[in-house]
Every structure is written in structure tokens, then in C-alpha cells.
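Everything on this sheet refers to the single structure shown next.
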Ligand SMILES: *[C@@H]1O[C@H](CO)[C@@H](O)[C@H](O)[C@H]1NC(C)=O
Ligand SMILES: *[C@@H]1O[C@H](CO)[C@@H](O)[C@H](O)[C@H]1NC(C)=O
Ligand SMILES: *[C@@H]1O[C@H](CO)[C@@H](O)[C@H](O)[C@H]1NC(C)=O
Ligand SMILES: *[C@@H]1O[C@H](CO)[C@@H](O)[C@H](O)[C@H]1NC(C)=O
Ligand SMILES: *[C@@H]1O[C@H](CO)[C@@H](O)[C@H](O)[C@H]1NC(C)=O
């Protein structure tokens, strides 16, 4: 209680006897007020400059460009290197349902699609090596795992009646050989009793079956048949020895993940026989995507390009609309309409004719990508194919919804949201009516199977990530930018206003009077008056203090400190921690006059 001799400690009790709140201070501090106004001004100016810098540097796009460029450990790079997506290969086989009648020449071939046989495709880029020039080299892998639960009751052990690819290919290749070779082949075919339509399991057809012809071919013509078992999916997924060179985006962020070269060339050598040295419409794979990432910052009128080895070419894609999936808005793409026309409409496609022989529109001759087997790639159910091809076999029901290829691509990142690439593998046979066992197949396009490589949506964690990056973050950055600009301007304006309109006119009510100069003067007068009545007041105050300290259980020392600082109006620089808050508030009140 000794400290109660402090000069102004009593004033409090007199001036505001009913107020129990210690921090409700009336003393104002002009120096502090000025300082606070200055701080406000600085904060305001900082806000304005931050907003302006954001306006001009576009931090979102800078960050995004940085993310889109591939480098060791980068986020987008990791998604490209080992896409954590659920990619499925679904296969439908063309089961022949009238083998006897067809072979007897009584009916045209009748087929029925059987499937889907579903496999999970674990698409990765292995052994990525970064080159000096803004590219990286990697080995693409596509291991398949059988997924019975998505195969709708189909089993790999299903038996079907399917074409004997080895026999038909032999016949087709040898058809133009010398008469002696042909006789030799025919004897071999009859000796081994090779039939053109044979019963086998789905798995055998897709991943390889033993065939005497393949075994013989492998033994005597290893440069043609370098495999021991012949299976169609097995051949389509033969990536042995392949490597890809892709752009990292260092040179141009839009290009990250796109192909620079495949197996060391910007084109596929299969298509280069009759052309010059450079890539052509048919052979070019440069700037194509392997499906893990498309160009970033896609323009709506931009033509994209997709490359899959089993198609033996890159395919151009055009935007046909927009759609919403996985929480993201995407551009919808289809392959261009004339992609498979062999030059009938688009003369640039003439190069798809092999040795001057063009297949009917809707089928591309990819013999050179399929080990010399007469394979033709088209769309499922001969969708968009020449009617002559479609009508030659019974059982095709083309439906754009089910059989065309679709990509939904997030246009800023270039990431695919939804994919369905659909192709049919056929055999386009030449004149083979002089070959044993295969007369009925002369000049025929025989369907073998069709596939869909698809992803129906992004996995949830990728959805969250992409919605965050592509939808939320840009908005947040915009909001921050405008809040900084507008808020900064407002603070600066308020602080300037406060600096100029101080002192304020004396207000009427007590609350505001406290902060005014007039009140300060009054306050000082009261202090003087009160000082005279020191002894009585000291006692009153001491009692009040004791009661108060008891009530609040505060440490006395601290209490005293608070009092000392609160009650020192002309001792401006001796402001202790507890009173700063109230001074700041006062300066605010002053600022908002
Ligand atoms: C394939 O067709 C044959 C008739 O030619 C039939 O016996 C067989 O059950 C079919 N296979 C499947 C899996 O539908
Ligand atoms: C896919 O491949 C990666 C590495 O090659 C492996 O770690 C992962 O387990 C594979 N996933 C599946 C589903 O096979
Ligand atoms: C970049 O370097 C790699 C490896 O050295 C090479 O294969 C590729 O052709 C080069 N690409 C360009 C665009 O120069
Ligand atoms: C398919 O056949 C193989 C060998 O003949 C057998 O091991 C496997 O269990 C069969 N699978 C089913 C689903 O029946
Ligand atoms: C796409 O449109 C933009 C302007 O909207 C134009 O500058 C550009 O040349 C167009 N590109 C193509 C390939 O048509």
C-alpha cells in the first residue's frame, strides 16, 4: 500500500469511481497516436505495393509454370513419371459364330463381340534421365494385370472361335512368292493341319498360343517372327527396347511431357519409305502426347496429338466441347474425322497407303508395326469405316457413344481427366485364294479384337489436389491481390485522413470526450483538484485497491505497475506493456474521428 503515495494513483478512484476495469484508460498519448497513424500508413502502403506487385507478376502463373516444368522430385513430374491413376485396358474379342457355314461358302462371316476382358495397365516411365537440352529420356512400361471383378463375368479361360493369325499371315505374305515357295508353304499348312478359324481361350489369343507355324517361322525366319508364341495383346504391348525422349518444359512450359523423339527419332521409321527425310503427317510423333500429359495452356482452337505404339502413328485431336468431371472443367476432344481416310478427303493422309496400295477409308495399314502381319487399325465395329468393309461381315453395330475416342483434358495443366481410346485390330488380307485352307478369306477385312484404354475419373486424392491448384488457388490469389490493393488503399486513406483532422472537434458524449484534447485538459484540472484532497482519498483508494486486488487475485506488484503506467499522462515515454493496448485503442479512436 506504500506505493499509493504515487502522485496520480488517487485520480483514478475519483474520476471514475465505478469503473472496475483497469485498462480502460483515458490518458491519451499524442506521440503514440502519431506513431500509430504512421504504422497504419506503412501497412496501407505495403498492402498497395503487394497488390500491385501481384497484379504485375501474376504469382499464380509463375508458380504454376514452375510446377509444370519437369524436374527431379517435381509434383507434376511425379504424376507424369508414375501416374497414380486407374488406367484399364478392356478387350472385346470377335467370336466367330458360323464357322462351318462360312468355311463351306454358304454364309458371310458372322461375328459377335465377347468381353470386356479387363486389365489394369500400370503405365510408368522408368529410368528417367535428364538431358542437357531441356529433354529427358525414359523407358515406357505398360505391365498388365488381369482384373476379374471388372470383366463382367468373363474369364480368361473362355473358349472362343477365333482366326488363326499365324496361318492367315503366312498365306498373305507368301501369296506373292514364287510358285515353289507357295507349294512348300501349302504342303506345310496341310501337313500341320493348320485351320483358319480355331477354338482357343481368350488368354491364348491375347497373350500367345503355340502354333507349329509360328514355331517354324521363328526357327527359319527369325528376322520376321522373333517371338515363340503369338498373341495379339502381347504384340500390341511389346515395348521391348523402346525409349522415349520427352520435353521437360524448361525451354517452353507448355511442352512439358510431350514427345520429342521415340526410339531416337522424331518420327516412326515405318512410314518413311517413299518420303523425304523429315517427319510427315504419317510418321511424325514429335509434340504428340503419350496420354499422361497434354500441352499446358491449351488454346480452344489448338489441335492436339496422341501417340500410342499399338496405333503405329500419332492421331490428331480436335476440341468438340467442354465437360465437367472430377470437380474440374475440361475440354472434350475426339480424333479428327478424316484421320483414317487414307487420302480420300485429306490428301496429306496419302502416305498411309502402303506400297501404293490404299486400304478403304476407316482402316490404316500398320503391317510394318506388326512384324509384317497384315494388320489394319480402325475404330471398333468399323465405326466411320467404308460401308463395303462394314457390310462384308455380319455383327457390327457402330455407335459413336461407345466406339469413338474421347479425351477430357484440363486445359491449363494439360492433364487428362477422363480418357477412352478405342481401336479395333483387324486383318486386311490380300488375294490369297490360291493358298491352302484360306480361300474364303481372300480380300477380306477380318475383325480380331477391339480395345479401350480408359480412365473414367481421377482418383480422389488427385481430384482434391487438382481442384485445389486449378480452381481454388487462382481465386485465393485473386482475392488476396484485391484485398491487398483495396485494403491497403483504405488503410492509407484512413491514416492520412486521421493525420489531417487531428485535433477533432470536442464531442459530446463521454466515450468520445475521453479521447479529445478538451478532455485531457479537464482531466489535468481534476487531477490538480484531487491532489489537494490527498489524505482522505488515499485511504479510500487504498481500501478500494485492497478489495480489488483480493477480488481479482492479481499479483500486487503487477497491479501497481499497471496503475503507475495508467496514471501518468504527462510521462509519455514511461508506457509499460499493459497500457500499450489502451493507448493503441485511443489512437484508433482518434484516427477515426
Ligand atoms: C463363341 O461362339 C461359339 C459358337 O461359334 C460358342 O459355342 C461359344 O460359346 C462362344 N464363346 C463365347 C465365350 O461366347
Ligand atoms: C506399378 O509399377 C510400380 C513401379 O513400376 C510399382 O511400384 C507398383 O506397385 C505397380 N502397381 C501395380 C498396381 O502393379
Ligand atoms: C537432347 O539431347 C538428347 C540426348 O543428348 C538427344 O537425344 C535429343 O535429340 C536432344 N534433343 C534436342 C531437341 O536437341
Ligand atoms: C484357367 O485355366 C488355368 C489352366 O488351365 C487354371 O490354372 C486357372 O485356374 C483357370 N482359371 C479360371 C478362372 O478358371
Ligand atoms: C487460335 O486463336 C488465336 C486467337 O484466338 C489465334 O491467335 C491463333 O492463331 C489460333 N490458332 C490456330 C492454330 O488457329
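In UniProt numbering, the protein residues as written are 1 to 593. For glycine and all other residues, C-beta sits at the position ideal for the given N, C-alpha and C. It should be emphasised that the depicted structure is a prediction, and the values quoted were computed from it without experimental measurement.
Membership of residue 234 in the alpha helix (DSSP H) is indicated by the continuous run 232–236.
A direct Cα-to-Cα measurement between residue 151 and residue 118 gives close to 5 Å. Placement of the Cβ of residue 160 at a distance of less than 7 Å from at least one heavy atom of ligand 1 is found. 8 Å or more divides the Cβ of residue 320 from the Cβ of residue 336. Residue ranges of uninterrupted beta strand (DSSP E) with 3 or more members, entirely inside the stretch 265–315 and ordered along the chain, are 304–308.
Residue 484 and residue 115 have their C-alpha atoms roughly 59 Å apart. Scanning the stretch 87–145 for uninterrupted beta strand (DSSP E) segments of 3 residues or longer gives 88–96, 111–121, 124–130, 135–141, listed from N- to C-terminal end.
The beta-carbon distance between residue 381 and residue 397, rounded to whole angstroms, is 6 Å. This is short enough to meet the 8 Å contact definition.
Around the beta carbon of residue 286, 16 or more other beta carbons sit within 10 angstroms, so the residue counts as buried.
At the C-beta level, residue 112 and residue 124 stay beyond 8 Å of one another. Between the stretch 91–108 and the stretch 65–73 there are fewer than three inter-stretch CB-CB distances shorter than 8 Å, so the stretches are not counted as touching. Beta-bridge pairing by DSSP links residue 262 to 244, 265. In this structure the stretch 40–47 lies against the stretch 487–504, because at least three pairs of beta carbons, one per stretch, are closer than 8 Å. In the structure shown, residue 154 adopts coil according to DSSP, grouped into three states. Distance check between residue 59 and each of 216, 479, 489 places 479 closest, using alpha-carbon atoms only. Residue environment for residue 410: buried (at least 16 other C-beta atoms within 10 angstroms of its C-beta). Taking 8 Å as the upper bound for CB-CB distance, residue 258 and residue 265 are not in contact here, some 15 Å apart. Pairing residue 328 with residue 65, the inter-Cα distance amounts to about 19 Å. Contact between residue 452 and residue 422 holds: CB atoms are separated by about 5 Å, below the 8 Å threshold.
For residue 455, the uninterrupted beta strand (DSSP E) segment begins and ends at 445–455. About 4 Å separates the beta carbons of residue 236 and residue 310, which is inside the 8 Å limit, making them a contact pair. A straight line joining the alpha-carbon of residue 432 with that of residue 159 spans about 28 Å.
By a beta-carbon distance limit of 8 Å, residue 348 does not contact residue 270. Their separation comes to about 17 Å.
Within the model, the alpha-carbon separation for residue 110 versus residue 197 is close to 12 Å. DSSP places residue 470 outside any beta strand (DSSP E), giving it a letter other than H or E. Note on geometry: alpha-carbon atoms of residue 448 and residue 233 lie some 11 Å from one another.
Remark: C-beta atoms of residue 458 and residue 442 do not approach each other more closely than 8 Å. According to DSSP, residue 334 shares a beta bridge with 318.
Put simply, the backbone Cα of residue 189 is about 20 Å away from that of residue 444. Per DSSP, the unbroken alpha helix (DSSP H) holding residue 75 starts and ends at 75–81. By the C-beta density criterion, residue 217 is buried, having at least 16 other C-beta atoms within 10 angstroms. If you check the C-beta of residue 214 against ligand 1, you find no heavy atom less than 7 Å away.
About 20 Å separates the Cβ atoms of residue 315 and residue 85, ruling out a contact at the 8 Å cut-off. Shortest Cα-Cα distance from residue 492 to any of 48, 226, 203 involves 48. For ligand 1, a non-hydrogen atom lies closer than 7 Å to the CB of residue 97. Per the coordinates, the alpha-carbon of residue 461 lies some 54 Å from the alpha-carbon of residue 107.
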